[in-house]
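These protein sequence lines map, in sequence, to chains A and B. Everything in the first sequence is counted per the numbering used here, starting at 1 for the first residue and increasing by one. Everything in the second sequence is counted per the numbering used here, starting at 1 for the first residue and increasing by one. Glycine included, C-beta positions come from ideal geometry on N, C-alpha and C.
There are 2 protein chains.
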Amino acid sequence: MTVNEAKQALAELQRKMAAYDHAMSLIYYDGTTSAPKGTAANRGVALSVLSEEEYKLCTGKETVELLEFLDANKEELDDKEKRIVYLLLKDIRNMAKIPMDEYVAYEELLVEADDVWHTAKETSDFALFEPILQKIFDTNLRFAGYIDPEKDPYDLWLNEYEEGLNKEFCDKFFNTLKERLVPLIKKVGEMPQVDTSCLKGYFLASDQEKLAHWLMRTMAMDLDHIGLATTEHPFTTSFGSHNDVRITTHYYEENVSFSMYSVIHEGGHALYDSGSADEFAYTALDGGISMGIHESQSRFYENILGRSRAFCNCVLPVMKALFPQMGATTEEEFFKAINVVEPSLIRTEADEVTYCLHVMIRYEIEKRVMAGELAVHDIPAEWNRLYKEYLGIDVPDDKHGCLQDSHWSGGSIGYFPSYALGSAYGAQFLRKMKEDLDVDALMAKGDFAPINAWLREKIWQYGCLYTPAEILDRVLGEPFDPQVYLDYLEEKCKAVYGI
Amino acid sequence: MTVNEAKQALAELQRKMAAYDHAMSLIYYDGTTSAPKGTAANRGVALSVLSEEEYKLCTGKETVELLEFLDANKEELDDKEKRIVYLLLKDIRNMAKIPMDEYVAYEELLVEADDVWHTAKETSDFALFEPILQKIFDTNLRFAGYIDPEKDPYDLWLNEYEEGLNKEFCDKFFNTLKERLVPLIKKVGEMPQVDTSCLKGYFLASDQEKLAHWLMRTMAMDLDHIGLATTEHPFTTSFGSHNDVRITTHYYEENVSFSMYSVIHEGGHALYDSGSADEFAYTALDGGISMGIHESQSRFYENILGRSRAFCNCVLPVMKALFPQMGATTEEEFFKAINVVEPSLIRTEADEVTYCLHVMIRYEIEKRVMAGELAVHDIPAEWNRLYKEYLGIDVPDDKHGCLQDSHWSGGSIGYFPSYALGSAYGAQFLRKMKEDLDVDALMAKGDFAPINAWLREKIWQYGCLYTPAEILDRVLGEPFDPQVYLDYLEEKCKAVYGI
């Protein structure tokens, strides 16, 4: 085989991987958007076959030999090809260490878990979910042992979601946040309550859907390649390449802000995913590099832009046209209402200031379960204790407690810290962006295009070409500093509460 | 390999085929239900890879040897296993005769064709669709030559959709229909017009959706395994097995009957598909045996049951509750309105009596294009000429003419006759069913369960175990006789027009 032949075979291999990814992501998406409720087992059969085929494709002798041949002939590859070979070899070596039957069994377990978790959440029945959650934690521990027996298992998974992340970094990062956030939240709690009545009332789902479409258009999303659907829990996915990205939301008719901000949040993910260079489609370089960088984009759009004082000028008239009951609301009232700081039960609905404490609780629990210091059985009690300790609130039931998130049923252990990390990256991106753009003036007009262009140029177009650390370095040209995020949050509290 | 090992390998092979089928059907379904409009090329990439993988799986040495080994050891197989081996070998031998690159290229062509056809139809631009339609006819001719160079190409495809069907049978069948239908339609045309005003007006899509769900429940469909979605053109599909079946409809707010009868029609397909014996899931025996038998079920529910005088008793009160403007409509008026006989442009909206003439026109055109007697370029003119000759109406544009159906863009040449054939089967099934059940009394109550049970026992449960001819023989115990259908249509005209 010549190097050129190997490059062609590499392109073919990646197209196949993309096709399996397309099929499996779509089967999952169908399950959450429109499948009849008795069909999970049927999807399980297809996913089990397809994940087995994918496993065989990825770990097969032909693939490993191809990648090792290219790796041995690195000097004939350009930077993009080198990165592809590196990323694929890393994944495939990890995958090959997991026995195929265990790999496939885990895929099947996750299909079942999604189903059981939905029921458990609906009925607030942790006992129903517990045996499956136990298996998920056990599998993550076992797989970590297969992949790198020398490494701490939780460190291994943290690093999977955000290259370079480990417990030591997280502990330090969260302590830094806690030091300034806890007194800030206390101070806010002593101020007069913010009036949030403009966000309450009845908001017809079909009108919220119109607002969602307006937001997507205003965010300058390419609606020929980004779609919107309805699910219980909002998420973003893509099918095979950055040419087909889907976001989802959920309309609560008594609550206009949930769907509104989930669309902006998922819209941020979708913009990042769909912003990869065209040549990256159907290669390992396509899409976002890490969950931390991903959340830095989604939470940037949701909070830094979407909850800015300036954006209120632009969005409020549109909302008034759709929801006449908001007719008398002023921009200032709306700004305060969408930025109210209040310890609450649900992470995805939490304000910017208390948000990181929600993440910290999940991090503490995962870390201790993975270290064998906390039993899965005891998660609910520990969850409730930590909500009392960090946020001062009582959790009424597991539906509003440890069953609220889909991450664990989806097998994602070690994902949560990237939400806090991404939020902190975002604040530093903003400071940098303001050197080039008048962000407030753009937001007041709802003109997202220059902001998208800035992020596309510095982040999106590179897909997975650079590591998260390299991306940060390219954008910032200075070290990551969580104090910038804390400054941003204090400034927000000042604007809303005058403290 | 022992026969028992081979049987296990056979089960595994069929699970894999089912998974590819699941993925590819879902990708197609996604394209019609919710994909953003610029994503067809992206789906094309995945479909091209998956169809190539499926092709390799089916025609690979391992598969062929397995099936031939089992075929050589037939005496150790039960009837079901024998039938599976027969069906798979037949398909695989056909497939293997088509070069893989041509097979995959055709799959890619169909993805493009679907996209181009939609645009062509929207803009009534046959010239846009013509080059692709030419390729589709050419490919069908070429593939027929690969599969059986001795056989007439159109006969070969007719036989694919309905085992045993050929041009000779179709010519005779359609002539039989024409002999009695043409004078019948003429006689009806001389009678006073039926008042259809109760079906006109404004019917909110969301209320039509409620009616659709009521119809699905009333038809005793298992809603845990049968779903409903919205598409431009109604269709039925299943994913991997009879455990997940989907129907689609389209709501026109100025026309209540389109969505109503498309739901009942597709519901008939879905009942048949989902009625296979449980043990047939993930095998070649799962689902319906042929398009003729399939249409015999869908059109049985749509017309014989759904447009019966008795069913009006049951459905009209529900419609009145949803659409108050129908408050004064009598059952007799409603019955006549849904059974009006009137030459019209659109096949899927045609009444029972003129319907077969629509089918006959498509049959004539396909037959002549496949025989080289009609150029693809001349289809619109010929279409319009035949509509004038058979139905006495002028076709205003190709959108309402030869671009109306999705079959050709989907690559289905030879499918149309099964609609007429299925309709005729259905009338003979009704005569037989009436020996066991008081169909009118059941319909007046909307009690579908005994009817479903009768059809499940005699037809659905067998999936693909028997040929269409064997199914007919088992149900009827007498030869197929299109005169029964013609008697049924005359009786309907008598009830509606008093002739």
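Next on the checklist: Please confirm whether Arg456 of chain B has its beta-carbon closer than 9 Å to some beta-carbon of chain A.
Outcome noted: Locating residue 456 of chain B in the second sequence gives position 456, counting from the first residue. Taking Cβ atoms only, chain A never reaches closer than 9 Å to Arg456 of chain B, which makes this a no.
Checklist entry - Among B:Leu165, B:Ile147, B:Thr32 and B:Lys90, which has the Cα closest to the Cα of Glu237 of chain B? => result Taking the first residue of the second sequence as 1, we reach residue 237 of chain B at position 237. In the sequence on display, residue 237 of chain B carries Thr and not Glu. The candidate whose alpha carbon is nearest that of Thr237 of chain B is B:Thr32.
Checklist entry - Straight-line CA distance for Glu253 of chain B to Gln14 of chain B? => result Residue 253 of chain B sits at position 253 when you count from the first residue of the second sequence. Residue 14 of chain B sits at position 14 when you count from the first residue of the second sequence. Roughly 43 Å between the two C-alpha positions.
Next on the checklist: Suppose you measure from the CA of Val475 of chain A to the CA of Gly164 of chain A; what does that come to, to the nearest Å?
Outcome noted: On the first sequence, position 475 is the one that residue 475 of chain A refers to. On the first sequence, position 164 is the one that residue 164 of chain A refers to. C-alpha separation (whole angstroms): 18 Å.
Item to check | Heavy atom of the ligand ZN within 8 Å of Ala9 of chain B beta-carbon | outcome: The ligand ZN is absent from the structure shown, which contains no ligands of any kind.
Next on the checklist: So, with DSSP's three-state summary, where would you put Asn255 of chain B?
Outcome noted: In the second sequence, counting from the first residue as 1, residue 255 of chain B sits at position 255. Assigned with DSSP and collapsed to three states, Asn255 of chain B falls in strand.
Checklist entry - Who are Ile226 of chain A's beta bridge partners in DSSP? => result Within the first sequence, numbered from 1, the residue matching residue 226 of chain A stands at position 226. DSSP output for Ile226 of chain A lists A:Val245 as bridge partner(s).
Checklist entry - Candidates B:Leu465, B:Cys464 and B:Leu430: which alpha carbon is nearest Asn452 of chain B's? => result Walking along the second sequence from the start, residue 452 of chain B turns up at place 452. The shortest C-alpha separation from Asn452 of chain B is found at B:Leu430.
Checklist entry - Where does Ser124 of chain B sit, in a helix, a strand or coil, going by DSSP? => result On the second sequence, residue 124 of chain B is found 124 positions in, with the first residue counted as 1. Note: Ser124 of chain B maps to coil in three-state DSSP.
Checklist entry - So, is the C-beta of Ala53 of chain A closer than 9 Å to a C-beta in chain B? => result Along the first sequence, one-based indexing puts residue 53 of chain A at 53. According to the sequence provided, residue 53 of chain A is Glu. The question's Ala does not apply to it. Answer yes: the Cβ-Cβ gap between Glu53 of chain A and chain B drops below 9 Å somewhere.
Checklist entry - CA-CA distance, Gln297 of chain B and Tyr55 of chain A? => result Taking the first residue of the second sequence as 1, we reach residue 297 of chain B at position 297. Taking the first residue of the first sequence as 1, we reach residue 55 of chain A at position 55. Gln297 of chain B and Tyr55 of chain A: Cα-Cα distance of roughly 41 Å.
Item to check | Neighbour list for Leu357 of chain B in chain A, Cβ cutoff strictly below 7 Å | outcome: Stepping through the second sequence from its first residue, residue 357 of chain B is reached at position 357. Those within 7 Å of Leu357 of chain B in chain A number zero; the least Cβ separation is about 37 Å.
Checklist entry - Which runs of the alpha helix (DSSP H) fall wholly inside the region 38 to 86 of chain A and span at least 4 residues, in chain order? => result DSSP assignment within the region 38 to 86 of chain A yields the following whole alpha helix (DSSP H) runs of 4 residues or more, N-terminal first: 40 to 59 and 61 to 72.
Item to check | CB of Gly227 of chain B within 9 Å of CB of Ala35 of chain A, strictly | outcome: Here residue 227 of chain B refers to the residue found at position 227 of the second sequence. Here residue 35 of chain A refers to the residue found at position 35 of the first sequence. Annotated as proximal: Gly227 of chain B and Ala35 of chain A, with beta-carbon spacing under 9 Å.
Checklist entry - Do the region 335 to 353 of chain A and the region 204 to 211 of chain A make contact, defined as three or more Cβ pairs closer than 8 Å? => result No: the two stretches stay apart, fewer than three of their Cβ pairs being nearer than 8 Å.
Checklist entry - Is Ala212 of chain B buried or exposed, if buried means 16 or more other CB atoms sit within 10 Å of its CB? => result The residue labelled residue 212 of chain B in the question sits at position 212 within the second sequence. Counting of Cβ neighbours within 10 angstroms places Ala212 of chain B among the buried residues, the total reaching 16 or more.
Checklist entry - Between Ala23 of chain A and chain B, is there a C-beta pair that is closer than 9 Å? => result By one-based count along the first sequence, residue 23 of chain A stands at place 23. At a cut-off of 9 Å between beta carbons, Ala23 of chain A contacts chain B.
Checklist entry - Bridge partners of Lys200 of chain B, per DSSP? => result Position 200 of the second sequence, counting from 1, holds the residue named residue 200 of chain B. Paired residue(s): B:Asn255.
Next on the checklist: If you measure between the beta carbons of Pro450 of chain A and Val359 of chain A, is that distance less than 9 Å?
Outcome noted: Taking the first residue of the first sequence as position 1, residue 450 of chain A is located at position 450. Taking the first residue of the first sequence as position 1, residue 359 of chain A is located at position 359. Not closer than 9 Å, so no.
Item to check | Span of the beta strand (DSSP E) around Ser344 of chain B | outcome: Here residue 344 of chain B refers to the residue found at position 344 when the second sequence is read from its first residue. Annotation: Ser344 of chain B is outside any beta strand (DSSP E) and is labelled neither H nor E by DSSP.
Item to check | Burial state of Pro396 of chain A (16 or more Cβ within 10 Å) | outcome: The residue labelled residue 396 of chain A in the question sits at position 396 within the first sequence. That one is exposed.
Item to check | Beta-carbon proximity check, Tyr462 of chain A vs Ser241 of chain A, cutoff 9 Å | outcome: On the first sequence, residue 462 of chain A is found 462 positions in, with the first residue counted as 1. On the first sequence, residue 241 of chain A is found 241 positions in, with the first residue counted as 1. Contact: no.
Checklist entry - Should Ser412 of chain B go down as buried or exposed, given a rule of 16 or more other Cβ atoms within 10 Å for buried? => result By 1-based counting over the second sequence, the position of residue 412 of chain B is 412. That one is buried.
Item to check | As assigned by DSSP and simplified to three states, the class of Thr119 of chain A | outcome: Here residue 119 of chain A refers to the residue found at position 119 of the first sequence. It is helical.
Checklist entry - Taking Cβ positions, are Ile136 of chain A and Leu109 of chain A nearer each other than 9 Å? => result Translated into positions along the first sequence, residue 136 of chain A becomes position 136. Translated into positions along the first sequence, residue 109 of chain A becomes position 109. Closer than 9 Å, so yes.
Next on the checklist: Taking the alpha carbon of Asn4 of chain A as the reference point, which residue from A:Ile459, A:Leu141 and A:Glu76 has its own alpha carbon closest?
Outcome noted: Here residue 4 of chain A corresponds to residue number 4 of the first sequence, with the count starting at 1. Nearest option by C-alpha distance: A:Glu76.
Checklist entry - Going by other Cβ atoms of all chains shown within 10 Å of its Cβ, with 16 needed for buried, is Glu491 of chain B buried or exposed? => result Residue 491 of chain B sits at position 491 when you count from the first residue of the second sequence. Glu491 of chain B is exposed by the Cβ-count criterion.
Item to check | Proximity of Thr329 of chain B and Cys170 of chain B at Cβ, strictly below 9 Å | outcome: Position 329 of the second sequence holds residue 329 of chain B. Position 170 of the second sequence holds residue 170 of chain B. Result no, Cβ atoms of Thr329 of chain B and Cys170 of chain B do not sit closer than 9 Å.
Item to check | Contact set for Met319 of chain A: own chain, Cβ-Cβ below 6 Å, skip 5 residues either direction | outcome: As a first step, residue 319 of chain A is located in the first sequence; it is residue number 319 there, counting from the start. If you ignore the 5 residues before and after Met319 of chain A, its C-beta comes within less than 6 Å of the C-beta of Met326, all in its own chain and listed in chain order.
Item to check | Buried/exposed call for Asn175 of chain B, threshold 16 Cβ in 10 Å | outcome: Within the second sequence, the letter at position 175 stands for residue 175 of chain B. Its Cβ having fewer than 16 others within 10 Å, Asn175 of chain B is exposed.
Checklist entry - Hey, quick one: how far does the beta strand (DSSP E) through Ser238 of chain B stretch, first residue to last? => result To locate residue 238 of chain B, count along the second sequence from 1; it is residue 238. Its beta strand (DSSP E) spans residues Thr236 to Ser238.
Checklist entry - Would Phe280 of chain A pass as a contact of Cys464 of chain A if the rule is Cβ separation under 9 Å? => result Here residue 280 of chain A refers to the residue found at position 280 of the first sequence. Here residue 464 of chain A refers to the residue found at position 464 of the first sequence. Yes; because the gap between Cβ atoms is below 9 Å, this pair is in contact.
Checklist entry - Quick one, which residues of the region 213 to 234 of chain A are near chain B if we go by CB-CB under 8 Å, in chain order? => result Within the region 213 to 234 of chain A, the residues whose Cβ lies closer than 8 Å to some Cβ of chain B are Asp222, Leu223, Asp224, His225, Ile226, Gly227 and Ala229, listed in chain order.
Checklist entry - Which residues in the same chain have their Cβ closer than 6 Å to the Cβ of Asp398 of chain A, if we skip the five residues on either side of it in sequence? => result Within the first sequence, the letter at position 398 stands for residue 398 of chain A. Taken in chain order, the residues that qualify are Ser124, Phe126 and Pro380.
Checklist entry - Of all the CB atoms in chain B, is at least one closer than 9 Å to the CB of Asp394 of chain A? => result On the first sequence, position 394 is the one that residue 394 of chain A refers to. Not an interface residue.
Checklist entry - Going along the chain, which residues of its own chain have a beta-carbon closer than 6 Å to the beta-carbon of Gln134 of chain B, five neighbours each way excluded? => result On the second sequence, residue 134 of chain B is found 134 positions in, with the first residue counted as 1. Cβ within range, chain order: Val376.
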